[in-house]
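Using this note's numbering, read the sequence shown as starting at 272 and increasing by one per residue.
All C-beta atoms, glycine included, are put in the ideal place defined by N, C-alpha and C.
In what follows, a single structure is set out as structure tokens and then discussed.
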Amino acid sequence: MTEPDTLLDRLGHWLAGRLQEESSGYEPYTPSDAETLRRTLEPGDILLIEGNQKISAAIKYLTQSTWSHAAFYVGDALAEPEDGTERRRLIEVTLAEGCVAVPLSRYRTYNTRICRASGLTPEDRDHVVAFMIGKLGLKYDLKNIFDMLRYFLPTPPVPVRWRRRMLAFGSGDPTRAICSSLIAEAYGQIHYPILPEITHAPGRASAQSTYMRKEILHIRHHSLYTPRDFDLSPFFRIVKPTLEYGFDYRQMVWDDKASTDAEAAKAGAIASDT
272 MTEPDTLLDR LGHWLAGRLQ EESSGYEPYT PSDAETLRRT LEPGDILLIE GNQKISAAIK
332 YLTQSTWSHA AFYVGDALAE PEDGTERRRL IEVTLAEGCV AVPLSRYRTY NTRICRASGL
392 TPEDRDHVVA FMIGKLGLKY DLKNIFDMLR YFLPTPPVPV RWRRRMLAFG SGDPTRAICS
452 SLIAEAYGQI HYPILPEITH APGRASAQST YMRKEILHIR HHSLYTPRDF DLSPFFRIVK
512 PTLEYGFDYR QMVWDDKAST DAEAAKAGAI ASDT
């Protein structure tokens, strides 16, 4: 038997619902096509999303980035739904649902970006996919009210150097709130770098070149990773579906007539004024 919801549970559900309300007026520049994404994405890829929810505005501000959400592509690793609906190929984390698998079509009306780990071995790829699948069903503890309340202040008066820390403040389990943290944890399992902290150990006193110094890489704690980090990482390649299938700018069709008509109308207006 399941325990009845407490007052804190109900309040948490209400806050989560408010945070996931969509803002009006959002229009993507390049909407994603689910079929094109499916042909381009590979297991292990990260799909960054420019969300339009209330929580998205706070994450964009705190991370100084257009990307407010990240989803992980698992390909055909999950079974085909028995009800005939679209196959679930993305794993993501949301406040209301926790860690769930969703179809690619969920983000067909959003700006997206594909980030791909460079040089990933098949064995490590399978490892990160298995890790993410193993997290399905993970729930965010909606009793952590203070975790959610901070997102109701889209532009808190916080110095830039502390904003990233705000995303990890609260329950002590921030992977349940931000999917990029869970993805970072998955890649951390195979010691794949995203944005590692690098310290330089001095070599011989006579060594002048930076190439003569030893670099020690430290893996950041996964709770401090944000969607933006996969975009900035020097180890993740940006993949653009349009360019993957032989883009030829000479095949573009331009509406030259509309431009000509606009210029003619402008010239006519100037002539009439004079």
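For the candidate residues the options, whose alpha-carbon lies nearest to that of residue i?
| i | options | result |
| --- | --- | --- |
| residue 347 | 394, 504, 400 and 505 | 400 |
| residue 507 | 458, 337 and 524 | 458 |
| residue 366 | 388, 340, 313 and 378 | 340 |
| residue 409 | 313, 372 and 390 | 372 |
| residue 378 | 342, 310 and 463 | 342 |
| residue 364 | 504, 356, 318 and 307 | 318 |
| residue 387 | 407, 350 and 454 | 454 |
| residue 321 | 502, 463, 354 and 356 | 502 |
| residue 293 | 380, 521, 498 and 509 | 380 |
| residue 376 | 513, 368, 357 and 463 | 357 |
I need the boundaries of the beta strand (DSSP E) containing residue i, first residue and last residue.
| i | result |
| --- | --- |
| residue 507 | 507–510 |
| residue 355 | Unbroken run through residue 355: none, as it is neither H nor E. |
| residue 405 | Taken as a continuous stretch (DSSP letters only), residue 405 belongs to no beta strand (DSSP E), being part of the alpha helix (DSSP H) at 393–405. |
| residue 390 | No beta strand (DSSP E) contains residue 390, which DSSP labels as neither H nor E. |
| residue 364 | 361–365 |
| residue 517 | No beta strand (DSSP E) contains residue 517, which DSSP labels as neither H nor E. |
| residue 369 | 369–373 |
Where residue i and residue j are concerned, what is the direct C-alpha to C-alpha distance, given to the nearest angstrom?
| i | j | result |
| --- | --- | --- |
| residue 362 | residue 515 | 24 angstroms |
| residue 495 | residue 519 | 40 angstroms |
| residue 394 | residue 451 | 22 angstroms |
| residue 323 | residue 305 | 19 angstroms |
| residue 511 | residue 382 | 12 angstroms |
| residue 440 | residue 517 | Low confidence applies here, because residue 440 scores a pLDDT of 44, under 50, leaving its location unreliable; read the following figure in that light. Rounded to the nearest angstrom, the two C-alpha atoms are 45 angstroms apart. |
| residue 359 | residue 391 | 23 angstroms |
| residue 374 | residue 525 | 34 angstroms |
| residue 523 | residue 338 | 28 angstroms |
| residue 468 | residue 316 | 23 angstroms |
| residue 521 | residue 352 | 42 angstroms |
| residue 463 | residue 527 | 49 angstroms |
| residue 217 | residue 497 | No answer is possible for residue 217: the residues shown for the chain start at 272 and end at 545. |
| residue 368 | residue 513 | 32 angstroms |
| residue 504 | residue 350 | 32 angstroms |
| residue 336 | residue 491 | 19 angstroms |
| residue 448 | residue 405 | Bear in mind that a pLDDT of 45 at residue 448, under 50, signals an unreliable position, so the model cannot answer this. |
| residue 483 | residue 310 | The predicted model places residue 483 with a pLDDT of 46, which falls under 50 and marks its position as unreliable; any figure quoted below should be read in that light. C-alpha separation (whole angstroms): 44 angstroms. |
Give the secondary structure of residue i by DSSP, where H, G and I count as helix, E and B as strand, and everything else as coil.
| i | result |
| --- | --- |
| residue 306 | helix |
| residue 344 | strand |
| residue 455 | helix |
| residue 380 | coil |
| residue 468 | strand |
| residue 337 | coil |
| residue 321 | coil |
| residue 482 | The predicted model places residue 482 with a pLDDT of 47, which falls under 50 and marks its position as unreliable, so this point remains unresolved. |
Can you give me the Cβ contacts of residue i inside the same chain, cut-off strictly under 6 angstroms, excluding the 5 residues immediately before and after it?
| i | result |
| --- | --- |
| residue 398 | 461 |
| residue 500 | 465 and 466 |
| residue 312 | 344 |
| residue 384 | 319 |
| residue 308 | 375 |
Kindly indicate the opening and closing residues of the alpha helix (DSSP H) around residue i.
| i | result |
| --- | --- |
| residue 499 | 498–503 |
In chain order, what residues of the same chain have a beta carbon less than 8 angstroms from the beta carbon of residue i, not counting five sequence neighbours either side?
| i | result |
| --- | --- |
| residue 389 | 506, 507 and 508 |
| residue 407 | 362, 370, 371 and 372 |
Excluding five sequence neighbours on each side, which residues of the same chain lie with their C-beta closer than 7 angstroms to the C-beta of residue i?
| i | result |
| --- | --- |
| residue 396 | 314 and 315 |
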